Amino acid sequence: MFHITISQTEDVEEGEVYEVGEIVTITGDVDVVEEESHFTSASAHVLIGEIMVCNRDLQKIKEDINDEEKRLKNIIDVLGKI
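Note that the numbering used here has the sequence shown beginning at 3, numbered continuously upward.
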């Protein structure tokens, strides 16, 4: 599971650092990145795995969109010939 918490901010000046959220990734019932803990190689590995899964899913979505655009273009071409 992947959980993102985002907080709202008002009037942050340019150059200021403001914490806007927290990302927590868990496997099973164990937090991978615990609050106030050091980032470990194991937690980095899990996050990289999550990113790879998301990247694969996004690539599939892009391919589906491309296929749909081609299908719609073909429909438009056929309708243009009528």
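Backbone N, C-alpha and C fix where the C-beta goes; we use that ideal spot for every residue, glycine too.
Since the structure is predicted, the reported quantities are computational estimates derived from the model, not experimental observations.
Check	Outcome
Straight-line gap, Glu-71 to Met-54 (C-alpha atoms, nearest Å)	26 Å
Backbone CA spacing between Leu-49 and Asn-68 [nearest angstrom]	28 Å
Where Ile-78 sits in the DSSP three-state scheme	helix
C-alpha gap between Ile-77 and Asn-57, whole angstroms	30 Å
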